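Protein chains: 2
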Amino acid sequence: MKEKDIEEIVLEIKDKSELMVDLAYSSILYDNKTISEEVYELENVIDNLYQKLQRKSLEDVKKGAHKIEDALVLLRIAHAGEQIADAAQEIADVELRDVELHPILKLSIRESDVVFTRVEVEPESILCGKTLGELKLASETGMMIIAMRHKEKWLYGPNKNTKIDSHDILYAKGPQDGEKHLFDLSKGKSNKI
Amino acid sequence: MKEKDIEEIVLEIKDKSELMVDLAYSSILYDNKTISEEVYELENVIDNLYQKLQRKSLEDVKKGAHKIEDALVLLRIAHAGEQIADAAQEIADVELRDVELHPILKLSIRESDVVFTRVEVEPESILCGKTLGELKLASETGMMIIAMRHKEKWLYGPNKNTKIDSHDILYAKGPQDGEKHLFDLSKGKSNKI
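Those sequence lines, one after another, are chains A and B.
All residue numbers for the first sequence refer to the numbering used here, where the first residue is 1 and numbers rise by one.
All residue numbers for the second sequence refer to the numbering used here, where the first residue is 194 and numbers rise by one.
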């Protein structure tokens with residue numbers, strides 16, 4: 001496998017850190033320790049990526065593959081991603097310390113422009129047996145799946161090849177209007193996609 | 194006007210800090226100093242909100258309106274939001290320092306699962322004269338408008354009452370599939386919404 005170049009590492013830090021924030025909020029909203037533990041795992045992944053980036057930036061600059069200015073920009077953006085990851089961990093920590101989130105705050109988060117939701121996919125749902133890529137759920141409903149549980153197995157940040165099965169639990173984020181659409185699709189109340 | 198309670202302040206910090214991250218990435222992708230300056234402005238707003246939250250938490254706890262444990266959780270979540278805001282500022286700073294983002298990184302960010310886009314609304318577009326609430330753009334296309342420019346006026350984090358006019362420039366974030374849909378709607382190539 002080709003070694004990742006430094007742009008790819010920066011992008012991975014960016015995407016993972018944003019996923020971590022979404023997972024962290026979901027974990028406190030749904031009192032879910034499994035999700036908050038995943039945020040901790042991802043924080044380790046990000047630390048490793050950042051260290052790899054630092055080493056590779058120095059190597060690249062030394063051999064002339066990158067200019068110093070370019071490498072500096074990448075390091076700064078990655079550093080910001082690492083800060084975001086730390087913040088996500090701080091949020092997830094609230095859940096892990098067994099502190100119950102005040103119901104009013106839960107309600108407020110749910111009333112934000114962007115809401116988090118959780119729904120189980122019923123056997124009669126049109127989503128069953130299809131991949132996220134086929135369904136284009138994110139563009140059709142506005143809801144981005146951030147995590148899903150298949151029996152006892154968890155999947156975080158699923159991609160277009162991820163298949164949805166009956167009884168999977170979807171954790172998603174998106175606009176309020178999109179929540180009902182995803183809910184109706186998951187419950188087999190609507191086939192309009 | 195009723196004074197904001199501490200849950201509302203925390204939610205405002207949460208929403209604004211996430212908007213800042215999106216704006217910061219947009220500013221470096223589109224070399225746009227106006228957007229990066231807005232990130233700086235918002236950082237001040239967040240600092241003020243955080244200070245207000247600290248004062249109000251202490252007052253609430255003193256008069257028994259909130260339990261210490263509840264206030265602590267709110268302070269921690271708000272602190273995480275403030276960290277995210279700082280990270281956004283660090284990203285925006287790259288743009289303000291006149292450092293040109295490497296084209297390869299721009300491309301990578303554009304190839305992420307979630308993309309940023311910018312599009313001008315043509316006079317023949319179905320979007321003209323309608324509000325974001327009427328259009329339900331976010332749930333219909335997956336694209337969330339994070340900023341828009343109306344002539345020389347900028348608007349950040351528009352809400353459902355925001356009206357789109359001909360020649361407005363929309364800055365949006367969402368899944369790759371959604372980008373083409375928003376583009377076609379804006380250019381009058383599609384009326385399907």
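Note that beta-carbon positions come from the ideal geometry of N, C-alpha and C, so glycine has one too.
Keep in mind it's a predicted model, so treat the numbers as computed, not measured.
With the rule of 3 Cβ pairs closer than 8 Å, the region 351-370 of chain B does not count as touching the region 283-298 of chain B. Your pair residue 142/A and residue 175/A checks out as a contact, with CB atoms roughly 5 Å apart and the cut at 8 Å.
Residue pairing by DSSP puts residue 153/A in a beta bridge opposite 150/A. Excluding residues up to 5 positions away in sequence, 173, 174 and 175 lie with their Cβ nearer than 7 Å to the Cβ of residue 114/A in the same chain.
Taken in chain order, the members of the region 25-45 of chain A whose beta-carbon sits within less than 9 Å of a beta-carbon on chain B are 25 and 28. Taking the C-beta atoms as reference points, residue 36/A is found no nearer than 9 Å to residue 46/A.
With respect to residue 92/A, residue 280/B sits apart: the two C-beta atoms are not nearer than 9 Å. Collapsing the DSSP output to three states places residue 145/A in a strand. The Cβ neighbour count for residue 157/A, taken over all protein chains shown within 10 Å, is at least 16; the residue is labelled buried. By DSSP's assignment, residue 367/B forms a beta bridge with 308/B.
Taking a cut-off of 8 Å on C-beta distances, the region 311-318 of chain B does not touch the region 240-247 of chain B, as fewer than three cross pairs fall below it.
Not a single CB atom of chain B sits nearer than 9 Å to the CB of residue 166/A. With fewer than 16 other CB atoms across the displayed protein chains lying within 10 angstroms of its CB, residue 68/A is exposed.
For residue 131/A, the three-state secondary structure derived from DSSP is strand. CA-to-CA, the gap between residue 245/B and residue 256/B works out to about 17 Å. Inter-residue distance for residue 319/B and residue 381/B is about 6 Å (C-alpha atoms, whole angstroms). Rounded to the nearest whole angstrom, the C-alpha separation of residue 247/B and residue 207/B is 15 Å.
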